[in-house]
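Visitor: According to the working numbering, the stretch in the sequence shown is residues 6 to 219, in order. For glycine and all other residues, C-beta sits at the position ideal for the given N, C-alpha and C. All values derive from a computational prediction rather than experimental measurement. Following this message is one structure expressed as structure tokens.
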Amino acid sequence: MGSSIREILVGHPVIPVVTIDDEDKIVPVGEALLEAGIGVIEITLRTDASLNAIARVSTSLPELVAGAGTVTNVQAITKAKDAGSRFLVTPGLTENLLKAIAESGLPCLPGISTAGDIMRGQEAGLDTFKFFPAEAAGGIAKLRALAAPFGDARFCPTGGISIDNMTTYLSLDCVFSVGGTWIAPTDLIAAGAWADITRLAKEALAQASGSPTV
């Protein structure tokens, strides 16, 4: 199958989650993130521009690993793979999705919020999950308790993550990265504020490493 989702994401403590309305803006977004040192991006399948945006990153910025987020059905898996997505991110788990993910050969970060979700994922051979929606589902206390019975499982919390709480999540041994929309929000993308996106990305990486922003 190639690289696992953990191999792709480990070493990238912050994963920007981007919703793109204009595919022409995804390359400048990607360049702004790369300038800050970001190497992985999740592009949500929430707009008509999303698949073309993934394709553009795949061809124009191959050094930026682009994955498809908000994958909720089997058809989306096929479309994301055809667009050049390097990995998949789902908000939840179903048996049909798990089967289609395995057949696609693409690494996947499946969304979980219960012990049953984790157990279903583990039965399918998965050990790395997206805790979603992190804050609404109970935050760090919920994740700490949820992870305790599953010593080998690792998590990427997403949903309500910000510069203010990201290090609290990253302090957990079971957490290898966090995902968030605050790094490249839709208003900055619409305004073409690429320097601001670079600044936010640098701040997030500095926060993750415990270093001051340069």
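Relative to the alpha-carbon of A150, which residue among C179, I82 and S109 has its alpha-carbon at the smallest distance?
Guide: One-based indexing of the sequence shown puts residue 150 at position 145. Among C179, I82 and S109, the Cα nearest to that of A150 belongs to C179.
Visitor: Excluding the 5 residues flanking I202 on each side, which residues of the same chain have their C-beta closer than 6 Å to its C-beta?
Guide: Walking along the sequence shown from the start, residue 202 turns up at place 197. Contacts found: A37, A189 and L193.
Visitor: What is the DSSP secondary structure of T49, counted as helix, strand or coil?
Guide: In the sequence shown, residue 49 corresponds to position 44, counting from 1. It is a strand residue.
Visitor: Who are the near neighbours of R61 in its chain, counting only those whose CB is closer than 7 Å to its CB and skipping five residues on each side?
Guide: Your numbering for residue 61 matches position 56 in the sequence shown. Contacts found: E28, I31 and V32.
Visitor: At the level of alpha carbons, what is the spacing between G42 and K207?
Guide: Your numbering for residue 42 matches position 37 in the sequence shown. Your numbering for residue 207 matches position 202 in the sequence shown. Using only the alpha carbons, I get a separation of about 7 Å.
Visitor: Would A213 and L177 qualify as a contact pair, given that the criterion is a beta-carbon distance under 8 Å?
Guide: As a first step, residue 213 must be located in the sequence shown, where it is residue number 208. As a first step, residue 177 must be located in the sequence shown, where it is residue number 172. Contact flag unset, no.
Visitor: Who pairs with P162 in a beta bridge, going by DSSP?
Guide: Walking along the sequence shown from the start, residue 162 turns up at place 157. Answer by DSSP bridge pairing, in chain order: F136.
Visitor: Taking the alpha-carbon of P115 as reference, which of I166, T52 and T99 has the nearest alpha-carbon?
Guide: Here residue 115 refers to the residue found at position 110 of the sequence shown. Among I166, T52 and T99, the Cα nearest to that of P115 is on T99.
Visitor: Pick out whichever of A120, A195 and M171 has its Cα sitting closest to the Cα of G156.
Guide: Locating residue 156 in the sequence shown gives position 151, where the first residue counts as 1. Selected option, being the one with the closest Cα: A120.
Visitor: Can you list, in chain order, the stretches of the alpha helix (DSSP H) that have 4 or more residues and sit fully within the segment 30-117?
Guide: Counting whole runs of 4 or more residues, the segment 30-117 contains the alpha helix (DSSP H) stretches 31-41, 55-65, 79-88 and 100-109.
Visitor: Verify the CB distance criterion: does G126 have a CB-CB separation below 8 Å to chain C?
Guide: In the structure shown, chain C cannot be found, because there is only a single protein chain.
Visitor: To the nearest angstrom, report how far apart I123 and A73 are at their CA atoms.
Guide: Taking the sequence shown and counting its residues from 1, the one referred to as residue 123 is at position 118. Taking the sequence shown and counting its residues from 1, the one referred to as residue 73 is at position 68. Those two C-alpha atoms are separated by around 21 Å.
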